[in-house]
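Encoded as structure tokens, the structure appears first; notes follow it.
Protein chains: 2
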Amino acid sequence: MSYKIKSRIWIESDNHVLLGEGRVQLLKAIETEGSLSKAAKSLGLSYKKAWSLIDSVNKSAKKPVTINSTGGKGGGGAELTDYGKQLITVFDEINQNCWTFLDEQVQKLELL
Amino acid sequence: MSYKIKSRIWIESDNHVLLGEGRVQLLKAIETEGSLSKAAKSLGLSYKKAWSLIDSVNKSAKKPVTINSTGGKGGGGAELTDYGKQLITVFDEINQNCWTFLDEQVQKLELL
DNA sequence: TAGCGTTATGTATTTACAAATATAACGAAA
DNA sequence: TTTCGTTATATTTGTAAATACATAACGCTA
């Protein structure tokens, strides 16, 4: 059995967490579901938890990441801004690059 | 205020955590203190917490990482094996490389 | 203006994890 | 055989985080 290396990356802004893997997953769910409550349900987390995450994301980001509308046709909904879509794309890219980088590095351990 | 990227890496063996930053810090303290109880105290964590961490490390590793002796002159003590010393060296090296790698990658976010 | 499905927010409860406490076992040395 | 400072382990207590529950607000539509 060989050693495996795992990693967790996240982006901070002004000492507050902006994006992590969980937040990115939630943003993706919002994009496909069109609403925060449905996104939360699809991921099995409470609406409140999801809301506080998105609230934190939007407060930390330089520009709005989602646009949440309350009331109106269908009761409202949530959608990603273009900036939000770009953020999750770049995050995924960095994360993927990190994994492949670490998979190379971990070989140093096998030689011991 | 620019975005910062943070990371946490850890090594797993057979789906159990072998090494993380906290465990490495504890191993270093054992090396300098010569005992598990003193190492725990120097890091401000309980002896039980420290012991269970080291127990987990030794159970996950391919070879022993520390040698713990009970009783005898001075009551006993704990020290790192050569293998343990090599592990923390390589871990620190990989971690450092990961940070510099991510610092380059994060620049992609600033352009958005 | 009543109804609907959202977003938004507060409060209480439960759960999980960390911390504290207690005690046994160990083995050399005096 | 008593003392000492460890390692080893169980049990209790405390604290913080997650979860659940409850309710207000919103704005379009019929």
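Each protein sequence line maps, in turn, to chains H and L.
Take 1 as the starting number for the first sequence in the working numbering and just add one per residue.
Take 1001 as the starting number for the second sequence in the working numbering and just add one per residue.
All C-beta atoms in this analysis are idealised placements derived from N, C-alpha and C, irrespective of residue type, glycine included.
DSSP three-state label for Asn68 (chain H), please. Correct three-state label for Asn68 (chain H): strand.
8 Å Cβ cut-off: residues of chain L touching Val90 (chain H): Lys1108, Leu1109, Leu1112
Taking 7 Å as the CB-CB cut-off, is Ser69 (chain H) touching chain L? no
Quick one: does Lys59 (chain H) have its CB under 7 Å from some CB of chain L? At a cut-off of 7 Å between beta carbons, Lys59 (chain H) makes no contact with chain L.
Helix, strand or coil at Ala78 (chain H) according to DSSP, with G and I counted as helix: strand
I'd like to know if Trp1010 (chain L) contacts chain H, where contact means its C-beta is closer than 7 Å to some C-beta of that chain. So yes, Trp1010 (chain L) belongs to the interface.
Could you give the first and the last residue of the continuous beta strand (DSSP E) run that contains Lys1073 (chain L)? Lys1073 (chain L) -> no beta strand (DSSP E), and no H or E assigned at all.
Please list the partners that Gln86 (chain H) has in chain L, where partner means a Cβ-to-Cβ separation under 8 Å. Leu1112, listed in chain order.
Should the stretch 35-49 of chain H be regarded as contacting the stretch 1019-1028 of chain L, the criterion being three or more beta carbon pairs within less than 8 Å? With a cut-off of 8 Å, the stretch 1019-1028 of chain L and the stretch 35-49 of chain H do not count as touching, because too few Cβ pairs lie within range.
Along chain L, which residues have their Cβ under 7 Å away from the Cβ of Gln105 (chain H)? Ile1094, Asn1097
Which residue or residues does DSSP assign as beta-bridge partners of Ser1035 (chain L)? For Ser1035 (chain L), which the question treats as bridged, DSSP gives no partner whatsoever.
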